[in-house]
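This report concerns only the one structure given below.
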Amino acid sequence: MLRGEAYDALPQKYRREFRNQFVSFSDEEHDFAVSAMSNLIGGIGYFYGSSKVQSIHNKEPLP
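This note's numbering puts the first residue of the sequence shown at 10, with every later residue one more than the last.
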């Protein structure tokens, strides 16, 4: 794990700047927005590629 002031300073700077741009929102709303955006970005890689689907109508999963 990376540690130290150099690694902590930059994310803290961006968090402060982000909060300063959206001062009309509560902390709860801000945390919700950050979580939603994180989940959206994380979902991009998760859904890449082909999926296999299985149902009650077939024995093996279908591509």
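From the three backbone atoms N, C-alpha and C, an ideal C-beta is built for every residue, glycine too. Just so we're clear, the structure is a prediction, and the values are computed from it rather than from any experiment.
May I ask you to report which of helix, strand or coil DSSP gives residue i?
i	result
V32	coil
Can residue i and residue j be called in contact, C-beta distance under 9 Å?
i	j	result
P72	S59	yes
Leaving out five residues on either side along the sequence, give the residues of the same chain with a beta carbon under 8 Å from the beta carbon of residue i.
i	result
K61	P70, L71 and P72
Rounded to whole angstroms, what's the CA-CA distance from residue i to residue j? Just pull it up for me.
i	j	result
M46	E14	26 Å
S35	I50	23 Å
S33	L19	24 Å
R24	F41	14 Å
G52	E38	21 Å
V43	R12	23 Å
Can you name, in chain order, every residue of its own chain whose Cβ lies under 7 Å from the Cβ of residue i, other than the five neighbours on each side?
i	result
Y16	none
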